[in-house]
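One structure below.
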Amino acid sequence: MKTMKIAGSDMNASVISLGCMRISKMTDQEISTLIHTAMEAGINFFDHADVYGGGKSEERFSEALGMNSSLREKMYLQTKCGIQRGYYDFSKAHILEAVDGSLKRLRTDYVDVLLLHRPDALVEPEEVAEAFTILEKSGKVKHFGVSNQNPMQIELLTKFVKQRIIINQLQLSITNTGMIDAGIHVNMEDEGSINRDGSILDYCRLKEITIQPWSPFQFGFFEGVFLNNDQFPELNKKIDALAAAKGVNNTAIAIAWLLRHPAHMQPIIGTTNPNRVKDICKAADVTLTRQEWYEVYLAAGNKLP
Ligand SMILES: NC(=O)c1ccc[n+]([C@@H]2O[C@H](COP(=O)([O-])OP(=O)(O)OC[C@H]3O[C@@H](n4cnc5c(N)ncnc54)[C@H](OP(=O)(O)O)[C@@H]3O)[C@@H](O)[C@H]2O)c1
Numbered sequence: 001m002k003t004m005k006i007a008g009s010d011m012n013a014s015v016i017s018l019g020c021m022r023i024s025k026m027t028d029q030e031i032s033t034l035i036h037t038a039m040e041a042g043i044n045f046f047d048h049a050d051v052y053g054g055g056k057s058e059e060r061f062s063e064a065l066g067m068n069s070s071l072r073e074k075m076y077l078q079t080k081c082g083i084q085r086g087y088y089d090f091s092k093a094h095i096l097e098a099v100d101g102s103l104k105r106l107r108t109d110y111v112d113v114l115l116l117h118r119p120d121a122l123v124e125p126e127e128v129a130e131a132f133t134i135l136e137k138s139g140k141v142k143h144f145g146v147s148n149q150n151p152m153q154i155e156l157l158t159k160f161v162k163q164r165i166i167i168n169q170l171q172l173s174i175t176n177t178g179m180i181d182a183g184i185h186v187n188m189e190d191e192g193s194i195n196r197d198g199s200i201l202d203y204c205r206l207k208e209i210t211i212q213p214w215s216p217f218q219f220g221f222f223e224g225v226f227l228n229n230d231q232f233p234e235l236n237k238k239i240d241a242l243a244a245a246k247g248v249n250n251t252a253i254a255i256a257w258l259l260r261h262p263a264h265m266q267p268i269i270g271t272t273n274p275n276r277v278k279d280i281c282k283a284a285d286v287t288l289t290r291q292e293w294y295e296v297y298l299a300a301g302n303k304l305p
């Protein structure tokens, strides 16, 4: 597995990360096999959130692994906060409380990265700044980032927050490419030209913020997986042909497509199946050509002006 230096940090992270959103109902044995398989395949970065499984995902992860300091030091743990039942909450009190809860459930003294999960309409960046400084000084959080935020939201935050924002976790897959389309369709009047995210892709490159594509196999908002799906015949034909030519599984091509983007993204995969993890990790050794990258993009139904 290739690794990447996450800009603004000392982390040498695997280019593919494993998300733990779906593990809460798995047995100890299943979780342990999944995580150890991922680690054997070179994954050293695990994504959590206080809300996954209603808190159970963090708890089950550490419980099933029998978390201890030697295992803890072999991995980077990232978690998120800010989603409450029915509202979003970036208040200082909530951020501090949420981190304490995550540390307890994860059975650790620190998280490597804390992300603000979804933009809070009532955000008071001065409060976020105070919370981040307390968390950094206490050693509970090493690095900070955001999720699902646009450039102006990050600008607002960074006017007050002293720590660097190193990560922005965003929904991105071959079938969910709004942030790429807008860059290709500049100056056009078609659907692709609609800039919904405020040029977030270019902004993150400019500021050296690592984009973590979430749900890299899903289309829509958790509508299903586009691979082996009759709704995407052209796309699957193209992906399968590339997979055969490169001697990997179709899942590896879907991730190689994200890794080929020069923004140095770190996709967060969410499978709970150890064999899929092994197949997907082969993506790190596949480099699509520029032409292949565009062919996949077009096979998903996208158009070039
Ligand atoms: N920041 C945010 O707002 C946000 C939102 C959502 C998710 N996330 C993060 O992103 C991670 C990934 O999200 P996700 O789980 O939706 O991503 P995903 O990797 O796109 O989807 C994984 C799901 O697809 C299923 N699947 C079926 N066929 C598959 C195939 N051929 N290849 C791969 N998966 C297949 C998996 O089932 P099996 O388990 O049976 O393989 C699993 O249920 C989460 O764990 C979380 O850490 C962040």
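Take 1 as the starting number for the sequence shown in our numbering and just add one per residue.
Backbone N, C-alpha and C fix where the C-beta goes; we use that ideal spot for every residue, glycine too.
Is ASN68 helix, strand or coil when you go by DSSP? What you label residue 68 is simply residue 68 of the sequence shown in a count that begins at 1. Note: ASN68 maps to coil in three-state DSSP.
Contact test: GLN169 Cβ vs ligand 1 heavy atom, cutoff 8 Å: For the purposes of this step, residue 169 is identified with residue 169 of the sequence shown, where counting begins at 1. For ligand 1, at least one heavy atom lies less than 8 Å from the Cβ of GLN169.
beta-carbon HIS264 near ligand 1 non-hydrogen atom, thresh 8 Å: In the sequence shown, counting from the first residue as 1, residue 264 sits at position 264. It does not: the Cβ of HIS264 is nowhere closer than 8 Å to a heavy atom of ligand 1.
Pick from ILE167, ASN228, GLN212 that is closest to SER9, judged by C-alpha positions: Here residue 9 refers to the residue found at position 9 of the sequence shown. That would be ILE167, whose Cα lies nearest to the Cα of SER9.
DSSP three-state label for TYR52, please. Taking the sequence shown and counting its residues from 1, one reaches residue 52 at position 52. Three-state DSSP puts TYR52 in a helix.
Spatially closest choice to GLY301 from PHE219, SER32, ASN273, GLU208, by CA coordinates: Along the sequence shown, one-based indexing puts residue 301 at 301. The shortest C-alpha separation from GLY301 is found at PHE219.
Can you tell me whether ALA243 is buried or exposed? The criterion is at least 16 other CB atoms within 10 Å of its CB, across all chains shown. Stepping through the sequence shown from its first residue, residue 243 is reached at position 243. So ALA243 counts as buried.
Given a cut-off of 9 Å, decide if THR3 and ASN44 are closer than it, judged by their beta-carbon atoms. By one-based count along the sequence shown, residue 44 stands at place 44. By one-based count along the sequence shown, residue 3 stands at place 3. Yes; because the gap between Cβ atoms is below 9 Å, this pair is in contact.
DSSP beta-bridge partners of TRP214: Within the sequence shown, the letter at position 214 stands for residue 214. Bridge partners of TRP214: GLN171, ILE268.
List the whole-angstrom C-beta distance separating SER215 from GLN171, where the pair is believed to meet the contact cut-off of C-beta under 8 Å. Translated into positions along the sequence shown, residue 215 becomes position 215. Translated into positions along the sequence shown, residue 171 becomes position 171. With 8 Å as the limit, SER215 and GLN171 qualify as a contact, their Cβ atoms being about 6 Å apart.
Would you call MET152 buried or exposed, if buried means 16 or more other Cβ atoms sit within 10 Å of its Cβ? For the purposes of this step, residue 152 is taken as residue 152 along the sequence shown, with counting starting at 1. That one is exposed.
GLU30 and THR272 - do their beta-carbons sit closer together than 9 Å? Position 272 of the sequence shown, counted from the first residue, corresponds to residue 272. Position 30 of the sequence shown, counted from the first residue, corresponds to residue 30. Closer than 9 Å, so yes.
Could you work out which residue in PRO119, GLY247, ASN12 is closest to VAL146 when comparing CA atoms only? Here the question's residue 146 lines up with position 146 in the sequence shown. Residue PRO119 holds the alpha-carbon nearest to the alpha-carbon of VAL146 among PRO119, GLY247, ASN12.
Under a three-way DSSP split, which group does ASP314 fall into? A query on residue 314 cannot be resolved here, the shown segment of the chain reaching from 1 to 305 and no further.
Smallest Cα separation from MET21: which of LYS303, SER193, THR37, PHE222? One-based indexing of the sequence shown puts residue 21 at position 21. If we check each option's Cα against that of MET21, PHE222 comes out closest.
In whole angstroms, what is the alpha-carbon distance linking LEU115 and PRO233? On the sequence shown, position 115 is the one that residue 115 refers to. On the sequence shown, position 233 is the one that residue 233 refers to. Straight-line Cα distance between these residues: approximately 36 Å.
In the DSSP assignment, find the alpha helix (DSSP H) that holds PHE160 and state where it starts and stops. In the sequence shown, residue 160 corresponds to position 160, counting from 1. Its alpha helix (DSSP H) spans residues 151-160.
Only counting the same chain, and skipping five residues up and downstream in sequence, which positions put a Cβ closer than 7 Å to that of HIS117? As a first step, residue 117 is located in the sequence shown; it is residue number 117 there, counting from the start. For HIS117, where only same-chain residues beyond five positions count, the Cβ hits under 7 Å are ALA49, LYS80, CYS81, GLY82, ILE83, SER147.
Kindly indicate which three-state DSSP category ALA13 falls into: helix, strand or coil? The residue you call residue 13 lines up with position 13 of the sequence shown. Strand.
Answer yes if the stretch 128-144 comes into contact with the stretch 105-113, meaning at least three C-beta pairs across the two stretches below 8 Å, and no otherwise. Under the 8 Å Cβ criterion, the stretch 105-113 counts as touching the stretch 128-144, having at least three qualifying pairs.
Whole-angstrom distance between PHE132 and ASP190, CA atom to CA atom: Locating residue 190 in the sequence shown gives position 190, where the first residue counts as 1. Locating residue 132 in the sequence shown gives position 132, where the first residue counts as 1. In this structure, the alpha-carbon of ASP190 lies about 41 Å from that of PHE132.
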